[in-house]
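See structure below.
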Amino acid sequence: MHRRPLTLGLAAATLAALLAVPPVAAQPTPEEIINGFEGVLGPVRSYRPSHPKGLCAAGHFTATPEGSRLSVAPVFSGQRVNTIIRFGVAGANPQADDRARSTRGLGIRFETAAGDVLDMANISAPIFGAPNPTVFLENLRVRAPDPATGRPNAERIAAFVAANPAVTRQGAWLGATLPPASWATTPYWGVNAFRFQGQDGQVRHARWVFEPRAGVQRLTAEQMQSLPRDFLADEIRARIAQGPVEFDMVLQFPGPGDDVTNPTVAWPDDRPRAVVGRLTVTSVAAGPGGPCDPISFMTLDQEPGISFSDDPTLHARAAPYAVSLSRRTN
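When you line the sequence shown up against mature numbering (1 follows the signal peptide of the UniProt record, and there is no 0), it's residues -26 to -1, 1 to 304, in that order.
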């Protein structure tokens, strides 16, 4: 059976909630989403609008027995799966500050020996920046510069935020959380819920997070002032020169009343969890780019082991990723 790439997660200022697959009225088109980004950033032709600053790496993933039990997807077979990995920093350009209170990204392409491919894009925040594609696009549009002043209209932004308070949740979380001290020492969440079909045939909703085996380490207030703005690449290179960087992939399952369709609301920490795999990062590219550049990390599925939930932002991601990649390569 042909398997298609899968991608997940994303940050408020990054490429995410895109076109909904079902024909729902007033849903934004892929072109409208990308035009929304470019309305704020200007034409984006030489870099990706989602976490444009980044570093490519490589490694492998091995599912645990529990992962194989909970999903029949090829990536959870228990065999070693090669991976292409991209660490990223959110921001409006590839020169974003590594010390900023913004999200860090973990993009992963899994490639099984049989040719099955699974993509995912995870972020260092447990929630997304908008509850659905329409709000996501409008949040971009209100932040575009006013042609008369060359600056965004503050009153228009304030009115939009007052009417859509969910768009403030991710920013509030980032504002209250110190930035990661390393790409290797922060959790990365998928934020969207998926359906997992297990070996027993049961289908379970779950979200996932990649938890650093080195533990969570964040910058101190002093380090935010003293470290260079581009410290992350040198730090991860030095770290991997001493040995692999590892993450546990953990599924979190919803409890009664937990919303599986709204990525701006995190599920409580006491919900059931299962460690389903180990991601090991073994090498880092010598410079920017590398094999990550032509990968857009498009959101697709790997049914029946992993399939979409009814979260509209999840269904809305694949087509705009393709539009963005096409504009960069053409």
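Backbone N, C-alpha and C fix where the C-beta goes; we use that ideal spot for every residue, glycine too.
- Classify residue 285 as buried or exposed, calling it buried when 16 or more other Cβ atoms lie within 10 Å of its own Cβ. By the 10 Å Cβ count, residue 285 comes out buried.
- Quick one: residues in its chain with C-beta nearer than 6 angstroms to the C-beta of residue 82, no 5 flanking neighbours on either side, listed in chain order? Same-chain partners within the cutoff: 57, 59, 94.
- CA-to-CA distance, residue 217 to residue 202, given in whole angstroms: Their Cα atoms are separated by approximately 24 angstroms.
- Message: Count Cβ pairs between the stretch 116 to 125 and the stretch 181 to 191 that sit closer than 8 angstroms; are there 3 or more?
- Response: Result no; under three Cβ-Cβ pairs closer than 8 angstroms.
- Query: Around the C-beta of residue 1, are 16 or more other C-beta atoms found within 10 angstroms, so that it is buried, or is it exposed?
  - Reply: Here residue 1 is buried: its Cβ has 16 or more other Cβ atoms, across all protein chains shown, within 10 Å.
- How far does the alpha helix (DSSP H) with residue 283 in it reach, from first residue to last? For residue 283, no alpha helix (DSSP H) segment is defined, and its DSSP state is neither H nor E.
- Locate the alpha helix (DSSP H) running through residue 200, then write down its first and last residues. Per DSSP, residue 200 is one residue of the alpha helix (DSSP H) stretching across 195 to 200.
- Could you give the DSSP three-state label for residue 147: helix, strand or coil? Three-state DSSP puts residue 147 in a helix.
- Simplified DSSP state of residue 246, which is helix, strand or coil: DSSP places residue 246 in the coil class of the three-state scheme, outside both helix and strand.
- Item | Pairwise C-alpha distance: residue 37 and residue 250 | When rounded, the distance between both Cα atoms is 6 angstroms.
- Task: Could you check how far apart the C-beta atoms of residue 131 and residue 116 are, in whole angstroms? I think they sit under 8 angstroms.
- Result: That belief holds up - the Cβ atoms of residue 131 and residue 116 are roughly 5 angstroms apart, short of 8 angstroms.
- Nearest-angstrom Cα distance between residue 170 and residue 129? Taking the straight line from one Cα to the other gives about 44 angstroms.
- Inter-residue spacing [alpha-carbon to alpha-carbon] between residue 104 and residue 238: So the alpha carbons of these two residues sit roughly 6 angstroms apart.
- Whose C-alpha, out of 75, 214, 106, is nearest the C-alpha of residue 147? Minimum Cα distance to residue 147 is reached at 75.
- Item | Distance between residue 87 and residue 46 (C-alpha atoms, nearest Å) | Their backbone Cα atoms lie some 16 angstroms apart in a straight line.
- Item | Environment of residue 233 [buried if 16+ CB atoms lie within 10 Å] | Residue 233 should be labelled exposed.
- Pull up the distance between the alpha-carbon of residue 287 and that of residue 189, whole angstroms please. Approximately 30 angstroms, taken between the alpha carbons.
- Message: Using C-beta distances below 7 angstroms, list every residue in its chain close to residue 255, excluding the 5 sequence neighbours before and after it, in chain order.
- Response: If you ignore the 5 residues before and after residue 255, its C-beta comes within less than 7 angstroms of the C-beta of 31, 33, 59, 214, 218, 219, all in its own chain and listed in chain order.
- Specify, as a first and last residue, the run of the beta strand (DSSP E) that residue 83 falls within. Per DSSP, residue 83 belongs to the beta strand (DSSP E) from 78 to 85.
- Query: In three-state terms, what does DSSP make of residue 25?
  - Reply: Three-state result, residue 25: coil.
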